[in-house]
Amino acid sequence: MNGQTLRYHVRHETLYRYEHPVRESHQLLRLFPRALPWQRCVAQHLGVSPEPDRTRSFTDAFGNGVRALHFEHTHERLEVRSECWIELDSRIMPLLDNSPAWESVRDAMRYRAGRQLDGAMLEAVAFQFESTEVRIKRAFADYATECFTPGRPVLSATDALMRRIHEEFTFDPEATDVSTPVIEVFEKRRGVCQDFAHFMIACLRSIGLAARYVSGYLLTRPPSGRPRLVGADATHAWVSMFVPGAGWFDFDPTNALWADQEHVTIGWGRDFADISPMRGVLLGGGGHAPEIAVTVVPEDEFAGLYTDAALPGLDLPPRGG
Amino acid sequence: MPPGLIDAYPFAAARHDEMLVAPGTPRAQWDLMARRLEGLSPAAMNKRARSVADAIAADGVTYNVYADPKGMLRPWELDMLPLIIDADEWRTLSAAVGQRARLLDRVLADLYGPQNLIAEGLLPPALIFGQRGYKWPCHGITPPGGRFLHLYAVDLARAPDGGWWVIADRTQGPSGAGYALQNRIVVSQTFPDTFRRLHVQKLAGFFRTLQDGLARMAPSGQEAPLSVLLTPGPYNETYFEHAFLARYLGFPLVEGQDLTVRDDTVYLKTLRGLRRVHVILRRLDDDFCDPLELRADSSLGVPGLLEAVRAGRVLVANALGSGVLESAALFGFLPAVSERLLGEKLAIPSVASWWCGEAPALEHALAHLDDLVIKPAFASMRREPVFGHALAGSERSELVDSIRAQPHAYVAQEWVRMSQAPVWRTEGGGHLESRSVGLRMFAAATPEGYVVMPGALTRVAPGGDVEVISMQRGGLSKDTWIRTDGPVARTTLLKKRLGTMDLMVSATDVPSRVGENLFWMGRHSERCEASARVLRAALRRVAADGSDEVDDELAGLLLAAARIGVLGDETGDEDSQAALERRLLAAVSDFGRAGSIAANLRALALNANHVRERLSSDNWHVLNRLEVALSPPPQALDEALGALDRVMLDCISLAGFAMDDMTRDEGWRFLILGRRIERLAAMAALIQVVLHAPADDGERMLEWLLEAANSIVTYRARYRRAPELLPVVHLLVFDTSNPHSVAFQVGALAREFELTARELNHPMPPQVAVLERRLARFDLTAFEAEDCVAASARLASLLADAQLTAQSLSDEVHQRFFIHTVRESRLRSVA
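Residue numbers (the numbering used here), protein chains in the order written: chain A, 177 to 497; chain B, 23 to 853.
Here it is as structure tokens:
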């Protein structure tokens, strides 16, 4: 990508068909991309069926926007469709070898009594430790150390770790589910984007660095010669690592890519548990996993993709809005 | 004076002794008590010990010990000798505890707010963000009233030099204040004179302060606030205390399912409808309080609670997320934190602690292992403390390895040789023994500041040489007497905005869950009894017969058993006696078969457990017996018959308790409604089977029908001849003097529903009156005809409607009183 601002339309549909009627339901949605220096959400729309009895919005402790829905009447299906238009600028890619030696980053992240932390550091230290889905283990540290050789610049080492995971791990949606522990992902060397992100975070935290889990969307390209299809995409996850004085850098171990203009960021947390797109508690219900359809389409392909029948409800806003 | 009990008491010079200053010489504050003891013989002491134990048993004070093979309940162990503390010492101690409560409250405000302590390097991030106790979803929330810590407890130990040290902070939902009160009630009566003469400070004022403080900080506007005590339920180890405190404070005792969040507001589901809750005093850990934002797999919490807290609509005490401070690893950092937040020197030292996450501390800990106690850094790790000096060889090297692997997860503490106090042992004629003791003190928040309970729970080590005092293992405790120089304060001196009377919640706030469990307890016990009667009739016939033939009488009985749900519906495949026996035995003891006696008994036990505090100990005894009635499961017909007899007798006892042993409040009425509805449905179903059978077969079935309705004696006494259809139908359907008849149930339901409608302000369900009228109008003379087919069909149809009515009444009770799904109950027409 070459410095030009790109625009995408994102549609994210979730459909629950419950086995038994649900009498009451609370849902928390983290579905809308947050504002970032390189990312703007220029239009957004949330469609929910049935109509919730109450909707509230708040910002969570990591700065992500949350919609809270409460249903107090019996329903047997729940459909949530979020849509938005996103503008992405190209991010400035740092030179890998210009970054500080990784040990100096690790040492800078260590606690020293009485030392002041600036705002960025205070934010970062929340992402240094174990969390619901991320363990700190010697085995993870050992795995990382092969890339984090003495004196190696931290971004170069992290890039190498990302590439190693990409090479050694097989993408396999059958191998894991949302509850597979990261140690099992490591043993099997298989999984999906969420597993690779958790594993890479575990490696980085195990050697004393701060790393967070980023939830978002990825622009995919249809196989050559085939048309782009509605619902062919999925939510995506990658890793962000902190370098004091320089900020956060995004690594996508599933694709061995630095996140740039193909990655739309929804938000972040310590791991998936902090930023899952939909989390809920039901009275009644039960049944199968939801049907999820995600479509990410560049502005110039938008009109060609959606036929009249499936035309989404959100109009394209004017440029520069 | 003869050589008394005190002379025989072992005095350990290397430690502080609470009672003696030197062998045989009591401390000043103990003088009066010591003299009292010298006047008592071991036999007199043993007698007092027995009355203490009896009082504990009579009050039903228990402490549930995890993984105790002997079952859930263990009597609370209380030593009759109090720990006595002087007024001067108390002033210093309580000021220090008040300061620490103030400090920890401000630490929570900082950690869930600006996090200055971390930004300024006063607390290591690993100690806060590295533990599960820190709840990110709670960040940014300021509780109503501004306080995070409403009831604080601290564990203290006294070192050999006489100084007190903090061993542990309890900041989530501290236990023990209720036990301290219970101990006081018992021990003050054991030495009433000494108690009075020593001017011991009273505890009641402290609880009033707690009540008051919560009420004044509650976001209730002009309304009188409703406070509830939230318990994880009867399986929790301190459930007795939850129930006791709830009663004492006048707060309804509720479980998570009793509460619901609507529009960011918490409501209690009561039999009278939804009532807004302003204060939740919780004994539920942070993790379990809200499955929506905290631990998703928790079934104990209230979905949406955090949103209500965020909206400032409810006060949760202590604030959600306060468990983060239950970490001994924080101790070393608190002096500097106190200077920073309060500008004060920390008045009471924590026991010297080294958090191994700092390299120099780690090296110190490993070098001085013999003098240290190694503890997990965070309460959530649930690991036992280890004494360095007690470890050798491989155990020691394993510990060192674990610490080196994860140093931030460990904290090393100086091994405090705790002070000793006398404990009365009844063994060997009775003697005083010396045991390690520690204090658990309490502080309650008010808008003006913290008030410290003038008393404490003194916890006693379980053995003479044991150093760890943990209630999780079960343990002995003592009352704690604080002497005062002045007069004993009768009430709190704080200026009150609300009187206690405002806080007392009348018994009308019966949680719906209590009503629901009583209702189902009634239905299940009645169902067990009816099923047992029918199965017994069937088993007797099968046992007596022994042939492979199933005659029509037995076929009808099996059909009846299937209709009331106890027997599987798979009719017609009884190709052999053996297969039939297997099917009947499964109906008795197969837990997996819905409707079996075993499954019903299990359901009954579950219901009973939820209303345990409402049942007498005799009632419990029967319930406990019922739980084991089918273990081991009967393997043969005669064993099954014996088991069914026992189940029936116990069920009849339960019916007796229901009528004669329980307070007749709003909750009780639901137990009776459940019983009547169940019996109506079962009787209607059984009689229909007979009415639908061909006339000759029907006559032969009357015998078991009378048996199943427990009316055979009445029938014989009245008619002295073989059962005939008309008199049986009269006795079982229309005779309002027969407590098993259909008409009796309908009459009883009409009365109970009328009372319920009046008490709970709900419309009377019209179905009951309709049924009553139809029964009254039924023309029994039709059964005098030679051919009763038409009459039988008419009555069968009436009974089918009665069965449907029972079902609709049950549904209606659920909708109205238990579920409170707003829309449905609002829109439901009550024509």
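Here a beta-carbon is modelled for each residue, glycine too, at the ideal position from N, C-alpha and C.
A quick note: this is a predicted structure, and the numbers were derived from the prediction, not measured.
query                                                                                                                           : result
Counted within 10 angstroms of its Cβ, other Cβ atoms place residue 214 of chain B as buried (16 or more) or exposed            : exposed
Buried versus exposed, by CB contacts within 10 Å (16 or more), residue 274 of chain A                                          : exposed
Span of the alpha helix (DSSP H), counted from its first residue to its last, around residue 550 of chain B                     : 534 to 567
Where residue 143 of chain B meets chain A, residues with beta-carbon distance less than 9 Å                                    : 287, 288, 289, 290, 291, 292, 293
Separation of residue 676 of chain B from residue 178 of chain B, as counted between CA atoms                                   : 47 Å
Cα-Cα separation, residue 311 of chain B to residue 256 of chain A                                                              : 27 Å
Where the stretch 791 to 822 of chain B meets chain A: residues whose CB sits under 8 Å from a CB there                         : none
Entirely enclosed beta strand (DSSP E) segments - the stretch 332 to 415 of chain A, minimum 3 residues                         : 387 to 394
Own chain residues within Cβ distance below 7 Å of residue 211 of chain A, not counting five before or after                    : 217
Through-space distance from residue 210 of chain B to residue 217 of chain B, alpha-carbon basis                                : 6 Å
Partners in chain A for residue 78 of chain B, counting only beta-carbon separations shorter than 7 Å                           : Within chain A, no residue comes near residue 78 of chain B; the closest Cβ sits about 40 Å away, beyond 7 Å.
Within chain B, the residues that residue 418 of chain A reaches when beta carbons sit closer than 8 Å                          : Under the 8 Å cutoff, chain B gives no residues; its nearest Cβ is about 13 Å from residue 418 of chain A.
When B/427, B/199, B/37 are compared against residue 476 of chain B, the one with the closest alpha-carbon                      : B/199
Rounded separation between residue 432 of chain A and residue 238 of chain B - CA only                                          : 58 Å
Under 8 Å by beta carbon: chain A residues contacting residue 140 of chain B                                                    : 293, 298, 301
Three-state secondary structure assigned by DSSP to residue 259 of chain A                                                      : strand
Within chain B, the residues that residue 304 of chain A reaches when beta carbons sit closer than 9 Å                          : 147, 148, 151, 152
Given residue 466 of chain A as reference, the closest of A/194, A/379, A/184 once Cα atoms are compared                        : A/194
Burial state of residue 268 of chain A, where buried means 16 or more other Cβ atoms lie within 10 Å                            : exposed
Residue 478 of chain A versus residue 398 of chain A: straight-line alpha-carbon distance, rounded                              : 14 Å
The stretch 176 to 200 of chain B: positions lying closer than 7 Å to chain A by Cβ                                             : none
Sufficient close CB pairs (3 or more, under 8 Å) joining the stretch 239 to 253 of chain A to the stretch 198 to 207 of chain A : yes
Short CB-CB distance (under 9 Å) between residue 18 of chain B and chain A                                                      : The question about residue 18 of chain B has no answer, for chain B in this structure spans 23 to 853.
Chain A within 9 Å of residue 282 of chain B, Cβ atoms only                                                                     : yes
Beta strand (DSSP E) segments (min. 3 residues) lying fully within the stretch 669 to 708 of chain B                            : none
CB of residue 709 of chain B within 9 Å of CB of residue 821 of chain B, strictly                                               : yes
Contact under 9 Å by Cβ, residue 337 of chain B with residue 302 of chain B                                                     : yes
Length of the line joining the Cα atoms of residue 727 of chain B and residue 762 of chain B                                    : 12 Å
Complete beta strand (DSSP E) runs within the stretch 307 to 389 of chain B (minimum length 3 residues, chain order)            : 337 to 339, 375 to 377
Chain-ordered neighbours of residue 237 of chain A on chain B, where CB pairs are closer than 7 Å                               : 158, 159, 161, 162
Interface partners of residue 388 of chain A on chain B, CB under 8 Å                                                           : The premise fails here: residue 388 of chain A is roughly 12 Å from chain B at the closest Cβ pair, so nothing lies under 8 Å.
Alpha helix (DSSP H) segment containing residue 726 of chain B, residue limits                                                  : 717 to 730
Burial state of residue 121 of chain B (16 or more Cβ within 10 Å)                                                              : buried
Host beta strand (DSSP E) of residue 282 of chain B (start-end)                                                                 : 281 to 284
Proximity below 9 Å, CB of residue 226 of chain B to CB of residue 197 of chain B                                               : no
The stretch 469 to 485 of chain B touching the stretch 181 to 190 of chain B, judged by at least three CB pairs closer than 8 Å : no
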